[in-house]
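Following: one structure in structure tokens, then a few remarks.
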């Protein structure tokens, strides 16, 4: 069975066709204005699973995922706590957090993680192309895309332009030609009133325009939100993407506008397959920073670990919404433990004196190839991770039955089962079979790290800052992420 995907652009299930062995995969990344939460991580996780499966099937995946580091929400946090005194510093702080979270979740690295601030020249060039081709216009130092010039506007979200215009608010800015036109370039810096909408009310208000600005043919200003992804994706992947992944809440207006501006500029199809990840729900609402109902990725990693979190996401296909609760995370914990125990049982049995060459466990021997075949069929069925996980759990059951019932073990069957766990559960699902125990007792390791941190603190108190920095660098080299805070240093194993 070849891979088929549900393409938002057509609303149909389609057979995936690539141009040769290369797949160009773009993921709409995070606006780095706060700590990432589990809703963000759900998108990362499913994009990671798509990347892993395409890799497993033999494709050369060129995966690009952006950081939006220019945004009024970021500028609104200038001067807050220790985040920094300018937009770039605030963004840099949260970019570091996101990278640690991604590594903590065992995500495959993208080819590049482009940032808006690095691609302003490309953004300006793209806007100029749209102006030159009559698809955009300058107004009071800002530049807007004229949606009336793009006949296919609304094709992704299945909305008609006249209906969108009738729903537009009455207070649309007078400098637009049409109420549905959107900004490609915004004149000046972030207005203090705009920043106040996103600023902690307990903080001192910002009285002056804030945020980074750049010179452009239309005057000093900042990029609009939508143009960023078009410029970054085309810079690194070319005019036409194979797969564009994003959250379902971005279909309109963000992705609709990406299509309009990109195709108007190049005359080429922007993305052939649009895959949208359903939202993570909690108590009936989507998990979001603005609603305050979120669980940060860092806290979740500390409490549950990467394998439980990944197993949680594997319970629901990417296109469906998912609910986070104590019950659903507890179910994921139980499923991961079942898989881990079965893997360890298979390893222990295969490495024991009771593993024999001429013992044949029919059930296990038949289950392993069936698991591989059914797993592949499930993943090629629009990345159906729920059904694929069911196959791994079925393999766990077959291993447990054999180990529990046999006086002597079928070494060949166990070896094939171990390889299936490592290939499908490890390589494809990103679960860490066999990692536990390789480094000894975790509690002992934690005690040793804490001991080093105590020594480091003593060195700092004595004024030996260079020695303290060396100790931190040594811990980092060993895979221990140390973060200093007001209550002392905390650490996490990467």
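Residue numbers (this note's numbering): 1028 to 1521. Where a beta carbon is used, it is the ideal one built from N, C-alpha and C, also for glycine.
What does DSSP give as the partner residues of residue 1187 in its beta bridges?
-> Stepping through the chain shown from its first residue, residue 1187 is reached at position 160. According to DSSP, residue 1187 bridges with nothing at all.
Is it right to say residue 1091 is buried, meaning 16 or more other beta carbons lie within 10 angstroms of its own, or is it exposed?
-> One-based indexing of the chain shown puts residue 1091 at position 64. Counting Cβ neighbours within 10 Å, residue 1091 comes out buried, since at least 16 surround it.
Taking the DSSP output, what are the residues bridged to residue 1274?
-> Start at 1 with the first residue of the chain shown, and residue 1274 comes out as number 247. Note: residue 1274 sits in a beta bridge opposite 1304.
Cutoff 7 Å; reference residue 1525; Cβ partners in own chain excluding five residues on either side = Residue 1525 lies beyond the residue range present for the chain, which begins at 1028 and ends at 1521; the question has no answer from this structure.
Residue 1044, DSSP secondary structure in three states | Residue 1044 sits at position 17 when you count from the first residue of the chain shown. Three-state result, residue 1044: coil.
Counting along the chain, where does the beta strand (DSSP E) carrying residue 1166 start and finish?
-> What you label residue 1166 is simply residue 139 of the chain shown in a count that begins at 1. That run of the beta strand (DSSP E) goes 1163-1166.
Neighbourhood of residue 1404 by C-beta, 6 Å cutoff - its chain only, sequence neighbours within 5 removed = Position 377 of the chain shown holds residue 1404. Once the five neighbours on either side are set aside, the close Cβ partners of residue 1404 are 1028.
Buried or exposed (CB count within 10 angstroms, at least 16 for buried), residue 1114 = As a working note, residue 1114 is residue 87 in the chain shown. Residue 1114 should be labelled buried.
Going by C-alpha distance, which of 1308, 1282, 1292 and 1294 is nearest residue 1301?
-> One-based indexing of the chain shown puts residue 1301 at position 274. Of the candidates 1308, 1282, 1292 and 1294, the one whose C-alpha sits nearest the C-alpha of residue 1301 is 1282.
Ignore the nearest five residues each way along the sequence and tell me which others in residue 1120's own chain have a CB closer than 6 Å to its CB.
-> Position 93 of the chain shown holds residue 1120. Here the set comprises 1110.
Would you mind giving the Cβ-Cβ distance between residue 1245 and residue 1168, rounded to the nearest angstrom? I have them listed as a contact below 8 Å.
-> As a working note, residue 1245 is residue 218 in the chain shown. As a working note, residue 1168 is residue 141 in the chain shown. At roughly 6 Å, the Cβ-Cβ gap stays under 8 Å, so residue 1245 and residue 1168 are in contact.
Does DSSP put residue 1269 in a helix, a strand or coil?
-> Against the chain shown, residue 1269 aligns to sequence position 242. Residue state, collapsed to three classes: strand.
Which stretch, first to last residue, makes up the alpha helix (DSSP H) that contains residue 1289?
-> Indexing the chain shown from 1 puts residue 1289 at position 262. Taken as a continuous stretch (DSSP letters only), the alpha helix (DSSP H) holding residue 1289 covers 1283-1293.
Pairwise C-alpha distance: residue 1286 and residue 1295 | Position 268 of the chain shown holds residue 1295. Position 259 of the chain shown holds residue 1286. Approximately 10 Å between the Cα atoms of the pair.
Is residue 1095 helix, strand or coil when you go by DSSP?
-> For the purposes of this step, residue 1095 is taken as the residue at position 68 of the chain shown. Reduced to three states, the DSSP call for residue 1095 is strand.
Counting Cβ pairs, one atom from each stretch, are 3 or more of them under 8 Å apart for the stretch 1339-1351 and the stretch 1377-1396?
-> no
If we call anything under 7 Å between Cβ atoms a contact, is residue 1384 one with residue 1359?
-> Sequence index remark: in the chain shown, residue 1384 carries index 357 (1-based). Sequence index remark: in the chain shown, residue 1359 carries index 332 (1-based). Against a cut-off of 7 Å, the Cβ pair of residue 1359 and residue 1384 comes out as no contact.
List the endpoints of the continuous alpha helix (DSSP H) containing residue 1493.
-> The residue you call residue 1493 lines up with position 466 of the chain shown. That run of the alpha helix (DSSP H) goes 1492-1504.
Unbroken alpha helix (DSSP H) runs of length 4 or more, entirely within the stretch 1405-1493: which are they?
-> 1412-1432, 1438-1447 and 1469-1488
With a cut-off of 8 Å, do at least 3 Cβ pairs link the stretch 1423-1439 to the stretch 1365-1372?
-> yes
Under a three-way DSSP split, which group does residue 1137 fall into?
-> Within the chain shown, numbered from 1, the residue matching residue 1137 stands at position 110. In this structure, residue 1137 counts as coil in the three-state DSSP scheme.
Examine the Cβ distances between the stretch 1438-1454 and the stretch 1475-1493 and report whether three or more of them are shorter than 8 Å.
-> no
Keeping to the same chain, check which residues put their C-beta closer than 8 Å to that of residue 1079; ignore five residues upstream and five downstream.
-> Position 52 of the chain shown, counted from the start, is the residue given in the question as residue 1079. Excluding sequence neighbours, residue 1079 sits near 1135, 1454, 1455, 1456 and 1457.
Around the C-beta of residue 1349, are 16 or more other C-beta atoms found within 10 angstroms, so that it is buried, or is it exposed?
-> Counted from its first residue, the chain shown places residue 1349 at position 322. Buried, since its Cβ has 16 or more Cβ neighbours within 10 Å.
Just mark residue 1437 as buried or exposed, buried being the case when its beta carbon has 16 or more other beta carbons within 10 Å.
-> Taking the chain shown and counting its residues from 1, the one referred to as residue 1437 is at position 410. When all chains shown are included, residue 1437 counts as buried.
Is residue 1206 helix, strand or coil by DSSP?
-> What you label residue 1206 is simply residue 179 of the chain shown in a count that begins at 1. In this structure, residue 1206 counts as coil in the three-state DSSP scheme.
Could you please give me the residues that DSSP links to residue 1213 through a beta bridge?
-> For the purposes of this step, residue 1213 is taken as the residue at position 186 of the chain shown. Answer is 1249.
Taking residue 1460 as the reference, give the member of 1333, 1508 and 1378 with the closest Cα.
-> Working through the chain shown from its first residue, we reach residue 1460 at position 433. With distances taken between Cα atoms, residue 1460 lies closest to 1333.
CB residue 1183 to CB residue 1292, shorter than 7 Å?
-> Taking the first residue of the chain shown as 1, we reach residue 1183 at position 156. Taking the first residue of the chain shown as 1, we reach residue 1292 at position 265. Result no, Cβ atoms of residue 1183 and residue 1292 do not sit closer than 7 Å.
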